[in-house]
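From first to last, the protein sequence lines stand for chains A and B.
Every position in the first sequence, counted from 1, becomes a number in this note's numbering once 299 is added.
Every position in the second sequence, counted from 1, becomes a number in this note's numbering once 62 is added.
Ideal Cβ positions, reconstructed from N, Cα and C, are used throughout, including at glycine.
Here the structure comes first, spelled out in structure tokens, and everything after it is commentary.
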Amino acid sequence: GAGVSQTPSNKVTEKGKYVELRCDPISGHTALYWYRQSLGQGPEFLIYFQGTGAADDSGLPNDRFFAVRPEGSVSTLKIQRTERGDSAVYLCASSSTGLSPLHFGNGTRLTVT
Amino acid sequence: TQLLEQSPQFLSIQEGENLTVYCNSSSVFSSLQWYRQEPGEGPVLLVTVVTGGEVKKLKRLTFQFGDARKDSSLHITAAQPGDTGLYLCAGRSYNTDKLIFGTGTRLQVFP
């Protein structure tokens, strides 16, 4: 079956612009996670959804970051007024329950110039 | 803030050597997972340990969860070039079930 799909795979944007990153989880997976990863580092937790609701958004760095999952499947991570420090690989993962292993997508590499 | 520190940060060894990677925290976790990540891809699960003191073996890899559920180790016997990658531990929070990743250990195995 299909795995977790993230689009786009690469995104280059100018400082101050708005970006949206999309995640299509594995069908039927109720839990969805967003992480941010810098080169050679471990993924940094951003937000975790159970169904449509954010179970834990304590990792969002500031109010420029927002994520939605309106129908409990596809999720969008939205970043307003991008800054160069936002440059990283943004990883999405899904799991069948909140306690099951995570299945990751290949990430979106965001570069803010 | 829960923090998982991994050591060493980098490891470069010859094929056939043994190695151990450590994952330490001051927090207690309900379970702990180990992942391996290759460039351009997402992390892939290797193992989950749930009981304090638990030891799991996966071919040449041995995983241990500390008695107090705050730390873990990964031991690789007779490393091979195919073991090269970024190894990540990840602890699950009791409070919200979120999964927190460690700082990572980059392993390079030379033929």
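Contacts that residue i makes with chain A (C-beta to C-beta distance below 7 Å)
i	result
K160(B)	F344, Y347 and D355
L169(B)	Per Cβ cutoff of 7 Å: no residues; L169(B) is ~12 Å from chain A at best.
L150(B)	G341
T147(B)	For the sequence presented, residue 147(B) should be read as Gly rather than Thr. Those within 7 Å of G147(B) in chain A number zero; the least Cβ separation is about 12 Å.
G207(B)	Only positions 63 to 173 of chain B appear in this structure, which leaves residue 207(B) out of reach.
Where residue i sits in the DSSP three-state scheme
i	result
D9(B)	Outside the displayed range of chain B (63 to 173) lies residue 9(B), so it cannot be described from this structure.
G327(A)	coil
G384(A)	helix
D355(A)	strand
Y156(B)	coil
A301(A)	coil
E67(B)	strand
E313(A)	coil
S337(A)	coil
L398(A)	coil
Q349(A)	strand
F72(B)	strand
T88(B)	For the sequence presented, residue 88(B) should be read as Ser rather than Thr. Correct three-state label for S88(B): coil.
S372(A)	coil
A140(B)	coil
D133(B)	strand
S308(A)	coil
E77(B)	coil
R363(A)	coil
E100(B)	coil
Q170(B)	strand
T410(A)	strand
Amino acids of chain B, ordered along the chain, whose beta-carbon sits closer than 7 Å to that of residue i
i	result
G371(A)	The premise fails here: G371(A) is roughly 17 Å from chain B at the closest Cβ pair, so nothing lies under 7 Å.
F403(A)	G104 and P105
Partners in chain A for residue i, counting only beta-carbon separations shorter than 8 Å
i	result
F163(B)	Y334, G341, P342, E343 and F344
T110(B)	P400
Within chain B, partners of residue i - CB distance below 9 Å
i	result
G406(A)	G102, E103 and G104
A392(A)	G104, P105 and L161
Relative to chain B, which residues along the segment 335 to 356 of chain A have a C-beta separation below 7 Å, given in chain order? G339, Q340, G341, P342, F344, Y347, A354 and D355
For the structure I just gave you, are there three or more beta carbon pairs, one from the segment 88 to 102 of chain B and one from the segment 134 to 150 of chain B, closer than 8 Å? yes
Please name the residues in the segment 93 to 106 of chain B whose beta-carbon is closer than 9 Å to at least one beta-carbon of chain A, in chain order. S93, Q95, Y97, Q99, G102, E103, G104, P105 and V106
For the segment 115 to 142 of chain B, enumerate the residues whose C-beta is nearer than 7 Å to any C-beta of chain A, in chain order. none
I want to know whether the segment 112 to 132 of chain B touches the segment 373 to 385 of chain A - three or more CB-CB distances under 8 Å. no
Could you give the uninterrupted runs of the beta strand (DSSP E) lying entirely in the segment 104 to 130 of chain B, keeping only those of 3 residues or more? 106 to 111, 117 to 120 and 123 to 127
Counting Cβ pairs closer than 8 Å, one from the segment 302 to 309 of chain A and one from the segment 321 to 330 of chain A, do we hit at least three? yes
Within the chosen definition, does the segment 75 to 94 of chain B reach the segment 325 to 338 of chain A through at least 3 CB pairs nearer than 8 Å? no
Mind the definition here: the segment 71 to 79 of chain B touches the segment 162 to 171 of chain B only if three or more C-beta pairs lie below 8 Å; say whether that holds. yes
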